[in-house]
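Structure first, then comments.
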Amino acid sequence: GFFRANIKQLPADPLFGLKARYAKDLRSNKVDLGIGAYRDDNGKPWILPSVRLAENMLQNSSEYNHEYLPISGFPSFTSAAARVILGDDSKAISENKLVSIQSLSGTGALHVAGLFLKNQYKSENESANASLPTIYLSNPTWANHFQIFNVLGLKTESYPYWNTSTKSLDLTGLLSTIDSAPEGSVFLLHATAHNPTGLDPNEEQWSKILDALSKKRHLPLFDSAYQGFSSGSLAKDAWAVRQAVNNMGSKYQFPGLLICQSFAKNVGMYGERVGAVHVVLPSNDEILQNAIQSQLSKIIRSEISNPPAYGAKIVSKILNTPELYKQWEQDLITMSSRIGKMRQELVNELNRLETPGTWNHITEQQGMFSFTGLTPEQVASLEKDHGVYLVGSGRASIAGLNPGNVAYVAKCIDAVVR
Ligand code: PMP
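Rendered as structure tokens:
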């Protein structure tokens with residue numbers, strides 16, 4: 004029949020495939036440096052103390068029920084989420100230049116943003132025909148970015164980002180791609196803690212990137228999945244986003260700006276799917292604001308009817324309760340500093356073993372991941388011969404390291420590079 008003849012088996016998702024192989028591995032000293040999920044010093048998932056407190060408060064309150072949320076989400080969540088990324092004093096908020104809608108975590112936010120752009124955003128090329136915008140993604144990027152946009156029928160292109168030989172940012176390549184892309188293209192930027200490289204532009208580099216984007220009237224699409232993981236500070240990790248938004252309509256002439264925000268990692272709400280899309284308008288325009296709100300709502304209504312409630316209520320409780328917010332900021336420091344310590348210990352061990360090569364890039368990188376520079380063959384040998392699992396690109400989730408396994412991992416890396 005048709006099904007038998009036409010439906011092809013696809014290969015397993017690389018990351019979830021890795022997770023399955025790890026689960027089947029019987030070695031007791033195996034180490035999972037694959038998926039980007041925070042682990043504590045014992046290698047266990049961590050429920051943030053702020054989340055525990057919020058859950059207790061929520062379950063004991065009169066607002067605790069499992070009713071539907073509005074189509075656009077839990078209002079006290081989406082408005083507080085906007086303040087987290089844009090800052091309490093954001094003019095985009097006070098001057099009504101913002102539309103926010105709740106999404107299925109960061110992935111759902113990217114999907115809604117992509118569909119919104121596909122439906123509503125036509126870039127005006129030299130030709131008379133307006134065409135769909137191309138989404139420019141960093142090389143490398145989170146692998147899911149490609150298919151999130153490709154399934155919508157949007158074209159994706161890559162911009163240079165990681166310079167393999169220097170293990171640093173290819174700013175020249177990036178700027179020249181921004182310059183040569185058709186005017187009004189969409190550039191997806193990792194707001195902080197770049198996945199997979201762990202390498203972020205510094206402030207001076209960000210300014211050059213934003214200047215170049217503005218000159219070509221490109222549309223910045225910030226993917227913010229790790230706010231707080233790089234520095235431990237929400238404000239510091241939002242520097243680039245705020246720089247772009249606060250200078251819109253003056254220094255920067257963007258046609259608009261989109262932010263896809265995930266609370267999966269920074270509140271540890273991975274499976275609860277808590278996120279938001281924020282659309283920033285170049286100027287205050289109530290008619291446009293309402294129009295965008297209605298278009299986003301139509302997408303949500305047709306696809307999921309309304310977003311999941313439980314996680315959004317917990318995150319809202321944290322963001323809107325001063326003591327819990329303080330606890331959350333503390334939790335971010337706990338996570339980011341533990342990861343920072345593990346980076347340092349890994350490098351210390353490699354140096355102690357006099358492992359061939361240079362390893363200081365591991366401590367210079369930030370966020371959940373490190374692009375180790377290990378080759379696919381070395382990664383394969385780490386998995387097969389030592390039970391140490393990381394992605395073929397050489398990306399290691401540093402959150403998987405702990406005092407009990409870091410020396411072993413260093414020893415194994417040493418063995419495979421010699
Ligand atoms: N963007 C990036 C760069 C990511 O690394 C991730 C998570 N791996 C996401 C978005 C979205 O994740 P989630 O859908 O779980 O929020």
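Using UniProt numbering, the first residue of the sequence shown is number 4, and each one after it goes up by one.
C-beta: ideal position from N, C-alpha, C; glycine also.
| message | Closest to Asn-147 by C-alpha separation, out of Leu-89, Leu-222, Leu-18 and Phe-266, would be which residue? | response | Leu-18
| query | Does the Cβ-Cβ distance between Gly-201 and Ile-401 come in under 9 Å? | reply | yes
| Between the C-alpha atoms of His-389 and Lys-33, what's the straight-line distance to the nearest angstrom? | 7 Å
| message | Quick test of the definition: if touching needs 3 or more C-beta pairs under 8 Å, does the stretch 305–319 touch the stretch 261–278? | response | yes
| request: Measure the C-alpha to C-alpha separation of Lys-218 and Tyr-71 and round it to an integer number of angstroms. | output: 44 Å
| task | With distances taken Cα to Cα, identify the nearest neighbour of Ser-134 among Leu-260, Leu-178, Ile-10 and Leu-157. | result | Leu-157
| Between which two residues does the beta strand (DSSP E) harbouring His-281 extend? | 277–283
| request: Please list, in chain order, all residues of the same chain as Ala-131 whose beta carbon is under 8 Å from its beta carbon, the five residues on each side excluded. | output: Confidence is the limiting factor: at Ala-131 the pLDDT is only 47, short of 50, which leaves the residue's position unreliable and the question unanswerable from this model.
| request: Could you check the C-alpha separation between Ala-228 and Phe-5 for me, to the nearest Å? | output: 41 Å
| request: May I have the straight-line CA-CA distance separating Gln-123 from Gly-259, to the nearest angstrom? | output: 12 Å
| request: Drop a sphere of 10 angstroms on the beta-carbon of residue 432, count the other beta-carbons inside from all chains shown, and report buried for 16 or more, exposed for fewer. | output: Nothing can be reported for residue 432: it is not among the residues displayed for the chain, which extend from 4 to 421.
| query | Can you check whether the CB of Lys-320 is closer than 9 Å to the CB of Leu-61? | reply | yes
| Of the listed residues Ser-161, Asn-363, Ile-303 and Gln-292, nearest to Gly-111 (C-alpha basis) | Ile-303
| Excluding sequence positions up to five away, which residues of its chain have a Cβ less than 6 Å from the Cβ of residue 451? | This structure cannot settle anything about residue 451, because the visible part of the chain is limited to 4 through 421.
| So, helix, strand or coil for Ala-131, using DSSP? | Note that Ala-131 scores 47 on pLDDT, short of 50, meaning its location in the model is unreliable and no value can be drawn from it.
| Alpha carbon to alpha carbon, what distance is there between Asn-99 and Asp-288? | 8 Å
| query | How about Lys-268: is its Cβ closer than 8 Å to a heavy atom in ligand 1? | reply | yes
| message | Less than 9 Å between the beta carbons of Leu-237 and Ser-53, yes or no? | response | no
| query | Cys-415: beta carbon under 8 Å from a heavy atom of ligand 1? | reply | no
| CA-to-CA distance, Ala-315 to Tyr-67, given in whole angstroms | 12 Å
| request: Would you tell me roughly how many angstroms separate the C-alpha atoms of Ser-339 and Ile-88, rounded to the nearest one? | output: 18 Å
| said: Runs of 3 residues minimum, wholly inside the stretch 45–114: which ones carry the beta strand (DSSP E) assignment? | reply: 101–107
| task | Tell whether a beta-carbon distance below 9 Å holds between Asp-226 and Gly-109. | result | yes
| said: Is it buried or exposed, Ala-215, if we count other Cβ atoms within 10 angstroms and call 16 or more buried? | reply: buried
| field | Span of the alpha helix (DSSP H) around Thr-180 | value | 174–183
| query | If you measure from the CB of Ala-84, is any heavy atom of ligand 1 nearer than 8 Å? | reply | no
| request: Apply the 10 Å Cβ neighbour rule to His-69 and answer buried if 16 or more other Cβ atoms are within range, or exposed otherwise. | output: exposed
| request: Return the first residue and the last residue of the beta strand (DSSP E) that Phe-374 is part of. | output: 372–374
| query | Going by the beta-carbon positions, is the gap between Val-394 and Ile-416 smaller than 9 Å? | reply | no
| Straight-line CA distance for Trp-362 to Asn-354? | 8 Å
| said: So, with DSSP's three-state summary, where would you put Ala-23? | reply: helix
| query | With burial defined as no fewer than 16 other Cβ atoms inside 10 Å of the residue's Cβ, what is the status of Leu-284: buried or exposed? | reply | buried
| field | Cβ pair His-281, Val-102 closer than 9 Å | value | yes
| field | Residue span of the beta strand (DSSP E) that contains Pro-163, given as start and end | value | 159–163
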